[in-house]
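Residues 1 to 700 (the UniProt record's numbering) make up the sequence shown, in order. C-beta: ideal position from N, C-alpha, C; glycine also. What follows is one structure encoded as structure tokens, with my remarks underneath.
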Amino acid sequence: MKFLISSVLAYVCSNPFQQQGSFVTGRNPSATVLDHFRNAIDFDIAVANLADSTVTMLLRNKDDVFQTTSGITGVQPESIVSEDFNNDGKLDIATANNDDNTITILVGIGNGLFQAPVNYTVGSSPSYLIAADFNNDKKMDLAVTNQDNNSVSVLLGNGNATFQTQIQYATGNSPVSLATGDFNNDNQLDLIVVSQNDGTISMLAGNGNGVFQAGKILASGTSPNFVVAADFNNDTKLDLIFSNQLENNIEVLLNNGDGSFDIGDTYLTADSPSCIAVADINNDGNLDFAVTNSGFNNIFIFLGNGNGTFMNGVSYDTGNAPSFVIVADIDKDNKLDLAVTNNGDNTISIYRGIGNGTFYPSSTFKTGNSPSCMVSRDFNNDSIADIAVVNSDDNTVDVLLGGTIEAIRYVLTYTTGQFPYSLVSADMNNDNKQDLVMTNVRDNTLGILINKGDGTFPTSTTYTIGQNPTDVMAVDLNSDNRSDLVVAYAYNRSISVLFNNGNMTFGTAMNYTVGPSPSFILSADFNNDKKPDLAVCNQGNSSISVLLNNGNGIFGAKIDYATGRSPGSMAIGDFNKDGNIDLAVVNSGQNTISVLINKGKAVFSSAVSYNVDKVPSSISAADFNHDGNIDLVVANSGSNSIIVLFGDKNGVFASRATYKTNSYPDNVLSGDWNNDGKVDLVVTNGKSNNVIVFQNICKK
Numbered sequence: 001m002k003f004l005i006s007s008v009l010a011y012v013c014s015n016p017f018q019q020q021g022s023f024v025t026g027r028n029p030s031a032t033v034l035d036h037f038r039n040a041i042d043f044d045i046a047v048a049n050l051a052d053s054t055v056t057m058l059l060r061n062k063d064d065v066f067q068t069t070s071g072i073t074g075v076q077p078e079s080i081v082s083e084d085f086n087n088d089g090k091l092d093i094a095t096a097n098n099d100d101n102t103i104t105i106l107v108g109i110g111n112g113l114f115q116a117p118v119n120y121t122v123g124s125s126p127s128y129l130i131a132a133d134f135n136n137d138k139k140m141d142l143a144v145t146n147q148d149n150n151s152v153s154v155l156l157g158n159g160n161a162t163f164q165t166q167i168q169y170a171t172g173n174s175p176v177s178l179a180t181g182d183f184n185n186d187n188q189l190d191l192i193v194v195s196q197n198d199g200t201i202s203m204l205a206g207n208g209n210g211v212f213q214a215g216k217i218l219a220s221g222t223s224p225n226f227v228v229a230a231d232f233n234n235d236t237k238l239d240l241i242f243s244n245q246l247e248n249n250i251e252v253l254l255n256n257g258d259g260s261f262d263i264g265d266t267y268l269t270a271d272s273p274s275c276i277a278v279a280d281i282n283n284d285g286n287l288d289f290a291v292t293n294s295g296f297n298n299i300f301i302f303l304g305n306g307n308g309t310f311m312n313g314v315s316y317d318t319g320n321a322p323s324f325v326i327v328a329d330i331d332k333d334n335k336l337d338l339a340v341t342n343n344g345d346n347t348i349s350i351y352r353g354i355g356n357g358t359f360y361p362s363s364t365f366k367t368g369n370s371p372s373c374m375v376s377r378d379f380n381n382d383s384i385a386d387i388a389v390v391n392s393d394d395n396t397v398d399v400l401l402g403g404t405i406e407a408i409r410y411v412l413t414y415t416t417g418q419f420p421y422s423l424v425s426a427d428m429n430n431d432n433k434q435d436l437v438m439t440n441v442r443d444n445t446l447g448i449l450i451n452k453g454d455g456t457f458p459t460s461t462t463y464t465i466g467q468n469p470t471d472v473m474a475v476d477l478n479s480d481n482r483s484d485l486v487v488a489y490a491y492n493r494s495i496s497v498l499f500n501n502g503n504m505t506f507g508t509a510m511n512y513t514v515g516p517s518p519s520f521i522l523s524a525d526f527n528n529d530k531k532p533d534l535a536v537c538n539q540g541n542s543s544i545s546v547l548l549n550n551g552n553g554i555f556g557a558k559i560d561y562a563t564g565r566s567p568g569s570m571a572i573g574d575f576n577k578d579g580n581i582d583l584a585v586v587n588s589g590q591n592t593i594s595v596l597i598n599k600g601k602a603v604f605s606s607a608v609s610y611n612v613d614k615v616p617s618s619i620s621a622a623d624f625n626h627d628g629n630i631d632l633v634v635a636n637s638g639s640n641s642i643i644v645l646f647g648d649k650n651g652v653f654a655s656r657a658t659y660k661t662n663s664y665p666d667n668v669l670s671g672d673w674n675n676d677g678k679v680d681l682v683v684t685n686g687k688s689n690n691v692i693v694f695q696n697i698c699k700k
């Protein structure tokens, strides 16, 4: 892997990575609203949580990271809106609470916090809520569908965040969605109601005084469940799009201008479309839309042609059971982004827009159970870095093939031996293709997956080795142009060197003494003799062992250096620019890292310690902020975070940035995953069973 290091610096990036795009909410998030809850600049996100009866506030900071607060609602809030209900210049929130037949009003203080909730009674099982000025008094009113008594409740606002008693209007059977606008060109707001059980889309024409006429059926579908209104054919008349949950499609209704509609085209979605959001996503002047598919865990983008027809766009994976989507410029880069609530895993995913109708993915990718180690190489020869991950509890390897716009394009899975733990990539059979080698701890084997050259690994070979192999390193130790292997074992004080015979067989193991419980092996030329040496972490006595190569793959006696408690991983680089390779070690038992500066000829100075977060487990080194100096990144499995420590030209790491991960980050790698010339990060989350890609957003 090549890393780009800039030598001329007019710009230093202090926050190089885009925070991963998935944020924890309450249980079963059902709906989302995005607005300026604290100021006129920053967008924040409010999420209604069905099972918790709460609203989660995600407050955006200057680094595009969302901090979480929450407020209490009625029981099972299913829909949410934000408006200034008391005309004080601060946004308030209203939720429809399905289980106690109420609407909750949360009056905003202006800093992202809210006053105590006030509830208003509506019909049975309120499900979808909208806000608008229905009686033209410049005060915001509310309308909500009542799913179990087939009605819509309208509550007229008093202008002080209080509301008049509801007025109910009959609808079709089981109303579930609403839209408002002037659909018959009388300059008064009307209501569009979707009734799921009888499949009708009806209009309640507004009189302009907050009173609505009886419903008129406009069209019918098969289990319609969501509707939006906008001018899709650029004729200044509000059209409709609605989703049919059981038929897995979207239907278009084009407005004639008198409150009647012509049936337009139908577009297929994935399973169970659940929500639609409208905007000009690709900035061509025509309205597009995004639809969540809750039964297939993805989102579709449809790009508008400007005449009421649409082109299929790109699909993106989401979390489990996506329930709601909004479109807005969340990160203030003048490109529209997406926010999606995932009802099944209690998260909200952020997709940052590229500006052409496509989005960066939310940067979290599913793996097998307990992903523990990663490597990165170009497995399919497309000049883009790929990733391989071992999943210890599944006995599998996942191969994630990289892409240019989407950071990861495909995930392929292969079976391994029992409890694969460590993984390296190398060309083991001299065919110029990167193969995979892993330790299988419970059956005491090495497994090799042979690369076909297209990123697939159809052939595998297994070798029996010593007991409890914990780490493996592949490097040409004896200058015969073949990748040899070095293996560490958990419960003894030795490592084994296996020379590659060139025909996928290996010579008899040569054993070398190191410290107790060797856990990690790294290779580099520490004494500048152009021969690969070895460094080994010894967890049992808080040290590392350095073994120097005599040139033919034979190593001298170990030289030990003290570290912090329980060293478990290492990274290398010329931290102080003196031409010698230095070492950085994570100390999981002390919540520190140790930096050992190479004074030349593989003689290292005493370790300098830096505090990190809880239970550091992995480390990687590269120039992340383009200042010409090597930086470090540490995964902290005990605090669900990574910390980037920025290096200077003297090998000192004084400043830092912290990013949240998912549960138990135990491995971090650096590399250019999207081929943009900047060093990104990928992190395995051992208890969330996924990996997160952190894309580098520094200017080059």
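Item	Value
Assign ASN156 to one of three DSSP states: helix, strand, or coil.	Going by the sequence as given, residue 156 is Leu instead of Asn. Reduced to three states, the DSSP call for LEU156 is coil.
Since LEU142 contacts ILE93 with CB under 8 Å, what's their CB separation in whole angstroms?	Not confirmed; about 12 Å, so no contact.
According to DSSP, is ASN320 helix, strand or coil?	coil
Provide the residue span of the beta strand (DSSP E) that contains PHE183, from first to last.	Premise fails: PHE183 is in no beta strand (DSSP E) and is neither H nor E.
Going by CA-CA distance only, name the one from THR396, VAL122, ASN587, LEU106 that's closest to ASN538.	ASN587
In this structure, does DSSP put THR404 in helix, strand or coil?	Below a pLDDT of 50, predicted positions are generally treated as unreliable, and THR404, at 43, falls in that range; the measurement from the model is reported next regardless. If DSSP states are grouped into helix, strand and coil, THR404 belongs with coil.
Straight-line CA distance for ILE619 to LEU645?	11 Å
What residues are listed by DSSP as bridge partners for VAL441?	Paired residue(s): none; VAL441 is not in a bridge.
Within a Cβ cutoff of 8 Å, which residues of the same chain sit near LYS599, ignoring the five residues on either side of it in sequence?	ASN580, SER605
According to DSSP, simplified to helix, strand and coil, what is VAL691?	strand
Could you spell out the range, first to last residue, of the beta strand (DSSP E) harbouring PRO16?	Counting along the chain, PRO16 falls outside any beta strand (DSSP E), and DSSP gives it neither H nor E.
Excluding the five sequence neighbours on either side, which residues of its own chain have a C-beta within less than 7 Å of the C-beta of PHE163, listed in chain order?	TYR120, LEU142, LEU155, LEU156, GLY157
To which residues does DSSP link CYS537 through a beta bridge?	PHE520, ILE544
Count the other CB atoms, across all protein chains shown, that sit within 10 Å of the CB of ILE263; report buried if there are 16 or more and exposed otherwise.	exposed
Judging by CA-CA distance, which residue of THR171, GLY671, ALA584, THR358 is the nearest neighbour of LYS335?	THR358
Tell me MET510's beta-bridge partners as DSSP assigns them.	VAL497
Alpha carbon to alpha carbon, how far is ILE105 from GLU83? Give it in angstroms, no decimals.	10 Å
Measuring straight from C-alpha to C-alpha, what distance separates MET570 and LEU596?	11 Å
Going along the chain, which residues of its own chain have a beta-carbon closer than 7 Å to the beta-carbon of THR404, five neighbours each way excluded?	Here the model assigns THR404 a pLDDT of 43, short of 50, so the residue's position is not dependable, and the following value carries that caveat. Closer than 7 Å at Cβ, skipping near neighbours: ILE384, ASN674, ASN675.
May I ask you to report which of helix, strand or coil DSSP gives THR416?	coil
Can you give me the Cβ contacts of SER392 inside the same chain, cut-off strictly under 7 Å, excluding the 5 residues immediately before and after it?	SER370, SER372, PHE419, PRO420, TYR421
Could you check which residue in LYS601, ALA602, LEU632 has the C-alpha nearest to that of ASN611?	LEU632
Are the beta-carbon atoms belonging to ASN173 and ASP198 less than 9 Å from one another?	yes
Identify, in the order they occur along the chain, each residue of the same chain with its Cβ nearer than 7 Å to the Cβ of GLY123, setting aside the five sequence neighbours on each side.	ASN101, ASN146, ASN149, SER151, SER153, GLN168
In this structure, how does DSSP classify ILE597 when only helix, strand and coil are distinguished?	coil
Beta-carbon within less than 6 Å of VAL608's beta-carbon, same chain only, minus the 5 sequence neighbours each way: which residues are those?	VAL595
What residue from LEU303, THR318, PHE114 has the CA that sits closest to ASN312's CA?	LEU303
Alpha carbon to alpha carbon, how far is LYS660 from ILE642? Give it in angstroms, no decimals.	6 Å
Can you give me the C-alpha to C-alpha distance between MET203 and SER349, rounded to a whole angstrom?	34 Å
Just confirm the distance between the C-beta atoms of ALA635 and ASP666, as a whole number of angstroms; I'd bet it's less than 8 Å.	6 Å
Tell me, please, whether the region 649–658 touches the region 670–689 by the rule of three or more beta-carbon pairs shorter than 8 Å.	no
Can you name, in chain order, every residue of its own chain whose Cβ lies under 6 Å from the Cβ of GLY257, other than the five neighbours on each side?	ASN185, LYS237
Reducing DSSP to helix, strand and coil, say where ASN305 ends up.	coil
When the Cα of GLY89 is compared with those of PRO126, GLU247, ALA161, which residue comes out closest?	ALA161
Any idea which residues DSSP pairs PRO458 with across the strands?	The partner list for PRO458 (beta bridge, DSSP) is empty, contrary to what the question assumes.
Roughly how many angstroms separate the alpha carbons of ASP529 and PRO16, rounded to a whole number?	35 Å
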